[in-house]
Ligand code: SF4
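In the working numbering, the protein residues as written are 1 to 453.
Structural data, given as structure tokens:
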């Protein structure tokens, strides 16, 4: 099970000076089209600075409040898991044809594996409590990822040193926007001081390009200072960088030992926008999917998510004759849903819960409560599965996983069409339980080919 936590939630001003909503606090502007209408990165992040005007950095929640929320979420997930391992798991095993020995391994893993906590954003390194929160979460037995831009390693030596004392298990950075192999090799060949100089040349409104330089700097800083975290590079794959993913993967693997890459197609469904791939880029993307299936099976430098790549491959096989349909599917439309597949009942799909800001319609006054601490989805601004109330008990969390998400989605007038976010798809049961039913048979055939069952 897992938790993706938007730790950088703040109050945001509205036209009424006494009334606020919750907004995302970030220091990057990751948009597809810049304020000057010029092309920027291959995707738009809802936490971008230009999409969150009037946010108040000083209103970040204190660590004490966040730790109480975390304790409720961990306890609630465990309660939900115990319940789901009854009839829901039996039905899942039947529907997805798991052999008894595999079902035993999966249920033991769900019972015993530590919960993963992905400290996420907006930009989580802007939250003053981040290092002590990582330490507390690890003391609670969680596996902790810090998914961050890495900018703070450039400007705050004390932050880096504090992380050395309390390292997250994984430091996850972003490499979405590097022009070509020569530029990547060039950046990897720079010293830490030279990387800081190079950073100054990147346009300030081009968050994805800034993050790439920050990421190389953070990786080199981690190497030079002995940070014990594993390194992971997320790559949002879009038509502009599709051709570079292979070479970037091998360059990173040769330059940074023990690194893993985590590429995934740019997601647009939660923005209620069509997919961004034309017929040519879809053909390249399918080749990339085949490549990452092989890399996963052969223990290449990739995050091990065979279920994820097989889901994408099944979508390519089923929808390949219609490029518009396939583009939409790979960009999130219908391919997978955290709230399961049209059932009012609990499913295993939602076992990677998200916590963060409340719905944009929820207005508050200064001093009402600390911002954040809502169960919901970071990506879907319509708030399909987002609670307007904050977390107050473990029971509330388990109810959310055991049918609350489905109830919220059922009541939504514009429910999220889906996404293929690899972290949220997470593992076999989660992916399969939320998967587009049309691709299921093909997926199961691929699973037999590549996983043996
Ligand atoms: S399917 Fe769920 S997790 Fe994915 S974007 Fe939509 S609401 Fe969020």
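Even for Gly, the Cβ is constructed at its ideal location relative to N, Cα and C.
Please read all numbers here as calculations on a predicted model, not as lab measurements.
Check, Outcome
"Within 8 Å: the Cβ of residue 190 and any heavy atom of ligand 1?", "no"
"Can you tell which of 42, 65, 49, 29 has the C-alpha that lies nearest to the C-alpha of residue 374?", "65"
"Leaving aside the five residues before and after residue 409 along the sequence, list all residues of the same chain whose C-beta is less than 7 Å from its C-beta, in chain order.", "339, 384, 385, 415"
"Examine ligand 1 and report whether any of its heavy atoms sits within less than 8 Å of the Cβ of residue 417.", "yes"
"Quick one: residues in its chain with C-beta nearer than 6 Å to the C-beta of residue 428, no 5 flanking neighbours on either side, listed in chain order?", "307"
"Find out if the Cβ-Cβ distance for the pair residue 60, residue 135 is shorter than 9 Å.", "no"
"Candidates 210, 297, 412, 332: which alpha carbon is nearest residue 450's?", "297"
"Could you say which of 125, 43, 194 lies nearest to residue 268 if we only look at CA atoms?", "43"
"Relative to ligand 1, is the shortest distance from any of its heavy atoms to the C-beta of residue 269 smaller than 8 Å?", "yes"
"Based on the DSSP secondary-structure assignment, which residues constitute the bridge partners of residue 4?", "118, 354"
"Have a look at 90, 48, 315, 233 and flag the residue whose alpha-carbon is nearest the alpha-carbon of residue 260.", "233"
"How about the region 203 to 211 and the region 136 to 143: do they share at least three Cβ pairs that are nearer than 8 Å?", "no"
"Could you check which residue in 195, 380, 23, 187 has the C-alpha nearest to that of residue 271?", "380"
"Examine ligand 1 and report whether any of its heavy atoms sits within less than 8 Å of the Cβ of residue 337.", "yes"
"I need the straight-line Cα distance from residue 123 to residue 265, nearest angstrom please.", "21 Å"
"Among the residues of its own chain, which have a CB less than 7 Å from the CB of residue 47, if the five just before and after it don't count?", "24, 26, 121, 122"
"When you compare the CB positions of residue 439 and residue 335, do they come within less than 9 Å of one another, or not?", "yes"
"So residue 155 and residue 195 are supposed to be a Cβ contact under 8 Å. How far apart are they, rounded?", "In fact, because the Cβ distance is near 12 Å, the residues do not count as touching under 8 Å."
"With the cut-off set at 9 Å, would you say residue 249 and residue 189 are in Cβ contact?", "no"
"Around the Cβ of residue 366, are there at least 16 other Cβ atoms within 10 angstroms (buried) or fewer (exposed)?", "exposed"
"What are the boundary residues of the alpha helix (DSSP H) that includes residue 67?", "63 to 84"
"For residue 376, which of helix, strand or coil comes out of DSSP?", "coil"
"Less than 9 Å separating the beta-carbons of residue 324 and residue 403?", "no"
"Which residue comes first and which comes last in the alpha helix (DSSP H) that contains residue 390?", "Per DSSP, residue 390 belongs to no alpha helix (DSSP H) and is neither H nor E."
"With the cut-off set at 9 Å, would you say residue 390 and residue 350 are in Cβ contact?", "no"
"Using DSSP's beta-bridge definition, name the partner residues of residue 235.", "263"
"Closer than 8 Å to a non-hydrogen atom of ligand 1 - does that hold for the CB of residue 236?", "no"
"For residue 50, collect the residues of the same chain with a Cβ closer than 8 Å to its Cβ; drop the 5 residues on either side in sequence, then sort them by chain order.", "29, 31, 35, 205"
"Can you say whether residue 305 is buried or exposed, counting buried as having 16 or more other CB atoms within 10 angstroms of its CB?", "buried"
"On the CB-based measure, 16 or more other CB atoms within 10 Å of its CB, does residue 164 come out buried or exposed?", "exposed"
"Between residue 379 and ligand 1, is the CB less than 8 Å from at least one heavy atom?", "yes"
"Please look up how many angstroms separate the CB atoms of residue 282 and residue 237, rounded, as I've assumed it's under 8 Å.", "Actually they do not touch by this definition, with Cβ atoms about 12 Å apart."
"Going by the beta-carbon positions, is the gap between residue 284 and residue 242 smaller than 9 Å?", "yes"
"Roughly how many angstroms lie between the CA atoms of residue 240 and residue 441, to the nearest whole one?", "32 Å"
"Among 303, 417, 263, which residue has its Cα nearest to the Cα of residue 495?", "Outside the shown range of the chain, which is 1 to 453, sits residue 495, and nothing can be said about it."
"Scan the region 246 to 325 and note each continuous alpha helix (DSSP H) run of 4 residues or more that stays entirely inside, going in chain order.", "279 to 297, 306 to 319"
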